[in-house]
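Residue numbers (the working numbering), protein chains in the order written: chain A, 3 to 291; chain B, 548 to 965.
What follows is a single structure, written as structure tokens, with notes after it.
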């Protein structure tokens with residue numbers, strides 16, 4: 003039993019790292035622009051499908067490199083043409099827009115690649131378990147965790163060391179002042195949106211290697227990401243990371259005792275956090291970090 | 548002017564967003580063909596989105612092809628046939644019921660057809676019974692539909708879960724062992740299929756060493772697979788379907804579980820196999836129809852026609868839709884009436900013609916249950932076959948009459964209108 007729980011804790015961390023990657027992109031966009039991007043799952047699916055289309059030409063590694071950038075490019079277009087118009091309005095406007103976009107993206111992938119799952123292949127040597135005892139630790143999953151860690155480290159470096167990142171963080175605190183100080187807020191928001199969608203695209207390629215790639219792949223992954231943000235604390239990127247890992251571990255442990263409640267547990271956690279600490283575990287009341 | 552809303556209102560908005568997810572779309576029906584003065588209407592209320600979108604789409608293709616054939620052969624009672632299609636969603640029974648009511652009340656359909664999801668099929672059957680409308684369930688498997696919850700006006704093409712379990716249990720116990728672990732979708736279909744498997748396996752000396760109920764639409768199966776491996780079974784039975792089955796099998800193979808334990812399922816379909824990379828096309832399954840049936844009359848023509856239409860071979864789902872729609876037409880033309888009671892009475896014990904049955908031993912609607920009894924195909928998934936779409940190797944054709952149990956065992960007690 004102890005071993006089973008430990009296995010599930012470990013496995014939960016792997017799953018949670020993936021949720022965190024998706025949630026970080028969502029959180030970036032939400033923090034700076036106030037847009038609750040319901041189309042994030044759609045961008046994730048597009049990232050996976052673009053990689054699927056690219057693999058015959060550039061191989062898995064090439065696709066992993068290119069597909070997230072193409073997804074981010076699509077994100078930039080969407081931001082310039084649609085989302086930009088709704089900045090400063092009630093968040094419900096952008097919520098409705100992205101909600102509609104999510105449907106459009108899902109149906110577009112269904113129209114182009116079909117409703118059925120498509121076989122997405124990653125290199126054989128990545129698909130083997132590293133040891134027969136820890137069979138759930140495959141090369142691919144380890145690679146995924148390392149990549150998530152690298153992406154998170156890079157994101158935090160960008161946010162703390164680069165001029166763009168410092169402006170994004172400043173804008174998150176007080177966009178008006180940043181604007182008055184001469185920063186082009188429009189470009190800042192566009193680049194920030196692109197960065198968030200890049201993370202969605204990256205998560206999409208990684209998910210396609212692990213799960214079946216179907217048009218609904220994004221829809222089924224978006225809710226845990228929202229929960230990760232709420233549990234971790236709205237406005238806090240470290241909180242989002244923590245939230246993702248926590249829900250991964252919680253649902254893993256729940257499998258041992260009540261398998262049918264693994265999905266419910268993350269919403270129970272969200273409910274408890276909202277009741278006891280409404281700003282989330284690392285969120286600060288009244289302001290965003 | 549940019550102005551950031553306070554964080555509190557954004558948090559509320561995030562929460563409100565969840566509510567919006569449940570909002571169902573109630574757009575008008577998508578009419579496939581509309582000809583003639585007074586067409587006979589068939590209303591298809593089936594998933595076009597969500598987990599079951601792929602299988603729902605294939606049932607739709609089967610329905611469309613049947614309608615084309617029926618119209619080419621003179622229609623129903625000399626009238627053209629029109630197919631009205633509604634998206635029931637994959638798991639929202641309230642949407643399926645709303646769409647069923649709309650099809651019946653507003654569009655005045657003569658036949659209601661659906662649903663892939665058993666829970667939705669049960670809900671639709673309730674509406675059809677209340678309204679006295681003839682209903683055909685092409686692909687919702689839960690036993691109750693033609694069992695304890697049977698109705699005089701509700702017919703079914705696909706098998707009961709108990710029939711499927713009975714068909715495959717013998718092979719599994721004989722060849723792979725007696726300890727079974729179940730990964731089961733947490734709704735009507737999964738529950739009855741697991742109960743059916745437990746019963747069928749127990750009769751042969753097998754036992755259940757554990758199981759996990761998984762929510763419909765589960766993506767990550769890793770924790771369930773860890774629990775399954777820990778129970779040390781001889782066979783892990785995957786009862787999840789559609790995209791869930793793809794996710795579960797793909798992860799099981801990534802974990803190398805197929806080298807430690809036999810992987811199998813009571814209901815296999817071509818759609819998930821097509822979505823899997825070759826190395827994950829493994830395990831023992833029962834198919835309810837398969838396209839590669841050398842020597843069976845009319846199958847090759849059907850396969851060629853669907854391939855011409857869609858570029859792919861038909862799956863069991865395509866055949867469910869095809870046979871279901873044709874059964875509606877055969878019932879009306881045979882009864883020479885569109886009255887549900889007369890059509891339902893006509894189909895009691897009715898044998899489908901070979902060009903619709905498309906099975907070696909034919910298929911018939913068992914009287915007193917309204918359940919189609921045909922052949923089942925037990926075999927193994929294969930990475931590569933005789934053709935790119937040949938992903939299943941049939942090892943045994945099981946006659947439905949041998950595994951469907953008796954009418955009494957189904958628990959169906961039908962009350963006909965006076």
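Just so it is clear, CB atoms sit at the ideal spot from N, CA and C, and this is done for glycine as well.
Values in this document were obtained by computation on a predicted structure and should not be read as measured data.
Identify which residue in the options has its Cα closest to the Cα of residue i.
i              : options                           : result
residue 37(A)  : 182(A), 62(A), 247(A) and 85(A)   : 85(A)
residue 43(A)  : 109(A), 250(A) and 282(A)         : 109(A)
residue 48(A)  : 23(A), 233(A) and 77(A)           : 77(A)
residue 116(A) : 718(B), 705(B) and 596(B)         : 596(B)
residue 955(B) : 934(B), 913(B), 941(B) and 826(B) : 913(B)
residue 902(B) : 891(B), 879(B), 929(B) and 874(B) : 874(B)
residue 951(B) : 826(B), 588(B) and 714(B)         : 714(B)
residue 722(B) : 705(B), 939(B) and 927(B)         : 927(B)
residue 239(A) : 153(A), 193(A) and 278(A)         : 153(A)
residue 114(A) : 256(A), 284(A), 216(A) and 163(A) : 216(A)
residue 53(A)  : 39(A), 40(A) and 73(A)            : 73(A)
residue 899(B) : 624(B), 865(B), 764(B) and 876(B) : 876(B)
residue 112(A) : 125(A), 51(A) and 158(A)          : 51(A)
Residue i to residue j, Cα distance in whole Å?
i              : j              : result
residue 247(A) : residue 867(B) : 43 Å
residue 861(B) : residue 937(B) : 11 Å
residue 616(B) : residue 870(B) : 12 Å
residue 607(B) : residue 637(B) : 14 Å
residue 273(A) : residue 220(A) : 23 Å
residue 808(B) : residue 776(B) : 8 Å
residue 119(A) : residue 839(B) : 22 Å
residue 599(B) : residue 792(B) : 11 Å
residue 265(A) : residue 249(A) : 10 Å
residue 755(B) : residue 837(B) : 30 Å
residue 161(A) : residue 194(A) : 10 Å
residue 202(A) : residue 830(B) : 34 Å
residue 706(B) : residue 129(A) : 36 Å
Could you tell me whether any Cβ in chain B is nearer than 8 Å to the Cβ of residue i?
i              : result
residue 264(A) : yes
residue 182(A) : no
residue 13(A)  : yes
residue 162(A) : no
residue 241(A) : no
residue 51(A)  : no
residue 54(A)  : no
Where does residue i sit, in a helix, a strand or coil, going by DSSP?
i              : result
residue 89(A)  : coil
residue 948(B) : helix
residue 176(A) : coil
residue 866(B) : helix
residue 592(B) : strand
residue 682(B) : strand
residue 962(B) : coil
residue 226(A) : helix
residue 126(A) : helix
residue 188(A) : helix
residue 730(B) : strand
residue 942(B) : strand
residue 135(A) : coil
Would you say residue i faces chain A, with C-beta separation under 8 Å as the test?
i              : result
residue 760(B) : yes
residue 734(B) : no
residue 611(B) : no
residue 785(B) : no
residue 819(B) : yes
residue 597(B) : yes
residue 794(B) : yes
residue 824(B) : yes
Would you decide whether residue i is buried or exposed? Buried here means 16 or more other CB atoms lie within 10 Å of its CB.
i              : result
residue 816(B) : buried
residue 186(A) : exposed
residue 132(A) : exposed
residue 63(A)  : exposed
residue 5(A)   : exposed
residue 182(A) : exposed
residue 604(B) : buried
residue 646(B) : buried
residue 122(A) : buried
residue 82(A)  : exposed
residue 577(B) : Residue placement at residue 577(B) cannot be trusted, given a pLDDT of 48 that sits under 50; the coordinates are not used to answer.
residue 835(B) : buried
residue 623(B) : buried
Applying a beta-carbon distance threshold of less than 7 Å, which residues of chain E neighbour residue i?
i              : result
residue 227(A) : Protein chains A and B are contained in the structure displayed, whereas chain E is not.
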